[in-house]
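S.K.:
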Amino acid sequence: MKKFVIKTFCRILILSAAITAALWFFLAQPILSSNPVSETKVDVDRLETHVKKLSINFHPRNFRQIANLEATADYIYKHFDAAGGQVETQAFEASGGLYKNVSCLFGSGDRARLIVGAHYDSHEETPGADDNASGVAGLIELAYLLGNSDLDIDVELVAYTLEEPPFFGSKSMGSYIHAKATRDQGREIIGMIALEMIGYFSDEKGSQNYPVPFFKILYPNKGNFIAIIGRTDHRSFTKQVKRGMKGASKLPVFSINAPAFITGIDFSDHRNYWHFGYDAVMVTDTAFYRNKAYHTENDTWDRLDYEKMSQVVSSLHHSILGFAKESATKPKKDVPKVN
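Our numbering puts the first residue of the sequence shown at 10, with every later residue one more than the last.
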């Protein structure tokens, strides 16, 4: 009887380990290969300057503060222009106000296109340093890198407004407006990457939380990595983004593809591209699962790690170059149907 109990326990243990390993491979898509560290350098001081500008000079940046949103959009526009891209604004109305997205295209405009975006508005009266001045700072510095890169694809950078409540989840989100226009124009889109809070990191044990306790078995308990978040059916695109970023800097890169009903999976602008049939992921420090100042007055510039933020940008740039190299061998995509 004792032997039977031991054998049964061992079988259950082996089965549990096998299920855990299978889930890990499905959700996290571990990649054994790694890139050499990229020689591309991102100016840490300039990242900090951008974040300070948005979170101090243009604070607050909620939907009621039209003047601050205009100043932010103008600031982004000037940097996009200085980087050498083709800059445009996309104006739209929402709740009686006039708002705008700012886009910057690198390329001829008639090739397969990769979209990288970040929202520049902030929640209520908060400074919004990590959420999401950090993403905008990364987007601006990415523009300067792309301006000096030879690309075989078009890359469009977009700074969105109205991501935050009360517009989140509505058709008035700046990213919804842009995604719909992209679909209406019939463009061939490789995919979309949303930069959503990329500046807060911690080496403290237990600093990283997750929406599901089981994830603590699969992922680190220290918030010292960058994450790529995608929907279950976008595993291929997520893996390609991750393959290009992993090892390109010293910052660890993890990914997850999970159903949208898990809290946080769709908490940014990438969600709107799903609606129009496009692959889309979020690159993030995991927001409130790590940064306890999320949507509070404590989300200030001095809490961010600009060195690690620079590594996010340089590794993302490396990933974009990887997309450009692979695009030449891939067949043209059909314009997707609206879900």
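Glycine included, each C-beta is placed from N, C-alpha and C at the ideal position.
Predicted, not measured: the structure shown is a model, and the values here were computed from it.
Leu141 by DSSP, collapsed to three states: which one?
M.R.: Counting from 1 along the sequence shown, the entry for residue 141 is found at position 132. Here residue 141 is Asn; the residue named in the question, Leu, does not match the sequence. In the structure shown, Asn141 sits in a helix (DSSP, three-state: H, G or I).
S.K.: Quick check on the DSSP output: the alpha helix (DSSP H) that includes Asn281 runs from which residue to which?
M.R.: Position 272 of the sequence shown holds residue 281. It spans His279 to His284 - the alpha helix (DSSP H) in which Asn281 sits, taken as one unbroken run.
S.K.: Taking DSSP as the reference, what is the three-state secondary structure of Ser104?
M.R.: Here residue 104 corresponds to residue number 95 of the sequence shown, with the count starting at 1. Coil at Ser104, not helix or strand.
S.K.: Please report how far the alpha carbon of Ser112 lies from the alpha carbon of Lys214, in whole angstroms.
M.R.: By one-based count along the sequence shown, residue 112 stands at place 103. By one-based count along the sequence shown, residue 214 stands at place 205. Looking at the two C-alpha atoms, the distance is approximately 39 Å.
S.K.: How close, in whole Å, do the beta carbons of Lys357 and Phe246 come, if the pair is a contact with beta carbons under 8 Å?
M.R.: No statement about residue 357 is possible, as the shown extent of the chain runs from 10 to 348 and does not include it.
S.K.: Thr98 bridges to which residues according to DSSP?
M.R.: Here residue 98 refers to the residue found at position 89 of the sequence shown. In DSSP, Thr98 forms a bridge with Val111.
S.K.: For Leu148, does the three-state DSSP call read helix, strand or coil?
M.R.: Reading the sequence shown from its first residue, position 139 is the one you call residue 148. Helix, per DSSP.
S.K.: Spatial neighbours of Leu171 within its chain, please: CB distance less than 7 Å, with the 5 preceding and 5 following residues excluded, ordered by chain position.
M.R.: Start at 1 with the first residue of the sequence shown, and residue 171 comes out as number 162. For Leu171, where only same-chain residues beyond five positions count, the Cβ hits under 7 Å are Phe72, Ala103, Tyr108, Asp130, Ser181, Met182 and Gly183.
S.K.: Hey, Asn233 and Pro261 are a contact pair by Cβ (cut 8 Å); roughly how many whole angstroms apart?
M.R.: Taking the first residue of the sequence shown as position 1, residue 233 is located at position 224. Taking the first residue of the sequence shown as position 1, residue 261 is located at position 252. About 7 Å; that satisfies the 8 Å criterion.
S.K.: For the alpha helix (DSSP H) that Gly253 lies in, which residues bound it at each end?
M.R.: Within the sequence shown, numbered from 1, the residue matching residue 253 stands at position 244. Where Gly253 is concerned, the enclosing alpha helix (DSSP H) stretches over Arg244 to Met254.
S.K.: Anyone know if the C-beta pair for Ser328 and Met206 falls short of 8 Å?
M.R.: Translated into the one-based positions of the sequence shown, residue 328 becomes position 319. Translated into the one-based positions of the sequence shown, residue 206 becomes position 197. Taking 8 Å as the Cβ cut-off, Ser328 and Met206 do not qualify as a contacting pair.
S.K.: Evaluate Pro136 with the Cβ neighbour count: other Cβ atoms within 10 Å of its Cβ, from every protein chain shown; 16 or more gives buried, anything less gives exposed.
M.R.: The residue you call residue 136 lines up with position 127 of the sequence shown. Buried, since its Cβ has 16 or more Cβ neighbours within 10 Å.
S.K.: Does the separation of the CB atoms of Trp310 and Ala138 fall below 8 Å?
M.R.: By one-based count along the sequence shown, residue 310 stands at place 301. By one-based count along the sequence shown, residue 138 stands at place 129. In this structure, Ala138 lies closer than 8 Å to Trp310 by Cβ.
S.K.: Using the rule of at least 16 other Cβ atoms within 10 Å of the residue's Cβ for burial, across every protein chain shown, is Ser323 buried or exposed?
M.R.: In the sequence shown, residue 323 corresponds to position 314, counting from 1. Label assigned to Ser323: buried.
S.K.: When we look at the beta-carbon of Glu165 and count the other beta-carbons within 10 Å, is it buried (16 or more) or exposed?
M.R.: Position 156 of the sequence shown, counted from the start, is the residue given in the question as residue 165. Glu165 is buried by the Cβ-count criterion.
S.K.: Under a Cβ-count criterion, where at least 16 other Cβ atoms within 10 Å of its own Cβ denotes burial, should Ala296 be classed as buried or exposed?
M.R.: Start at 1 with the first residue of the sequence shown, and residue 296 comes out as number 287. Classification for Ala296: buried.
S.K.: Could you please give the first and the last residue of the uninterrupted beta strand (DSSP E) stretch that includes Thr58?
M.R.: By 1-based counting over the sequence shown, the position of residue 58 is 49. It is not in any beta strand (DSSP E) - Thr58 instead sits in the alpha helix (DSSP H) that spans Val53 to Lys61.
S.K.: For Leu151, which of Gln217, Ile226, Leu56 and Arg70 has the nearest alpha-carbon?
M.R.: In the sequence shown, counting from the first residue as 1, residue 151 sits at position 142. For the residues Gln217, Ile226, Leu56 and Arg70, the minimum Cα distance to Leu151 belongs to Leu56.
S.K.: How is Val46 classed by DSSP in three states: helix, strand or coil?
M.R.: Within the sequence shown, residue 46 is the residue found at index 37, counting from 1. Val46 falls in the coil class under three-state DSSP.
S.K.: Taking all protein chains shown into account, decide if Val167 is buried (16 or more other Cβ within 10 angstroms of its Cβ) or exposed.
M.R.: Sequence index remark: in the sequence shown, residue 167 carries index 158 (1-based). Per the 10 Å Cβ criterion, buried.
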